[in-house]
Amino acid sequence: MIFYAPDISENRYTLDKDESAHAVKALRLKTGDSITLTDGKGGWYSAVITHPHPERCEVEVTGKRRESEKRPYHLHIGMAPTKNIDRFEWFVEKSSEIGIDEITPLLCEHSERKNIPAERMKRIAIAAMKQSGKACLPKINPVIPIAEWLNACRSGQKLIAYCGETEKKSIRTVCLPGKSVAVAIGPEGDFSCNEIRQALSAGFQCVTLGKSRLRTETAGVVACHSVYFINEGE
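Okay, so the sequence shown: first residue is 0 according to numbering that gives the first Met the number 0, each after it adds one.
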């Protein structure tokens, strides 16, 4: 039973309203029950419930168990939000389960959605982090025009997945283990030719994610897992 405690610092801690309701109403935990906390920054903590209130459950921290092992790479995916927001939520959930450090929604020329519910995305990422037994919460950035993101990107490897006719290599042969990597995923209508030119000028390399033409959210998950497999292979 893992609970998110982002600002934990002392021996006593009060879970927020959502986590309290999950502990007390859903799981029916009682005084003296042991739980695990994570700060979303790699830290694990042991704790026991001292006051099982459904809106402000109080716990006593009994020890810092360990620091979660950091991944040997940093992954940042910039992706255009899908027209159907459920599909973008699915990407956030699955990439958080696999392992991702940062997600930036991109506003592109062919974008059909220009905003996302930021707080809902964060809740989805928190739930996925806990479900998959991770202690690092991905950062979900505000929506940004793709040109700004391309120019601001400082990752060691910069890749853009593109379906159009241009010279490109498989992500498997281009992505190197142990390095920071940024991957750009376009909207349902793909990137425009102008956006590809901007990406190449910003030092991005065009890659393919395979022979199949993938949905935006599927491409995001495939890119995430490809980088994971290249680095960890398990």
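Where a beta carbon is used, it is the ideal one built from N, C-alpha and C, also for glycine.
Separation of I76 and L136 (C-alpha to C-alpha, rounded to the nearest whole angstrom) is 14 Å. Beta-bridge analysis with DSSP links S45 to T35 and G62. Between the alpha carbons of V220 and T81 lies a gap of roughly 13 Å.
When C-alpha distances from T207 are compared across G177, K69, K167 and E231, the shortest belongs to K167. At least 8 Å separates the beta-carbon of M128 from that of L105. Between the stretch 175-182 and the stretch 142-160 there are three or more inter-stretch CB-CB distances shorter than 8 Å, so the stretches are counted as touching. For G219, no beta strand (DSSP E) run applies; the uninterrupted alpha helix (DSSP H) run containing it begins and ends at T215 to E231, by DSSP.
A direct Cα-to-Cα measurement between L28 and S8 gives close to 23 Å.
The straight-line gap separating the alpha-carbon atoms of R196 and F203 is approximately 9 Å. T207 sits in a strand when the DSSP states are folded into three classes. A direct Cα-to-Cα measurement between H109 and V47 gives close to 51 Å.
Distances from the CA of K24 to each of T13, C56, G185 and N10 were compared; the closest alpha carbon is that of C56. Between M0 and F90, the alpha-carbon positions lie close to 24 Å from each other. In the three-state scheme derived from DSSP, where H, G and I count as helix and E and B as strand, I145 is classed as helix. For C205 against L74, the beta-carbon gap comes to about 18 Å, at or over 8 Å, which does not count as contact. Under the three-state reduction of DSSP output, I99 falls in the coil class, being neither helix nor strand. By the C-beta density criterion, G185 is buried, having at least 16 other C-beta atoms within 10 angstroms.
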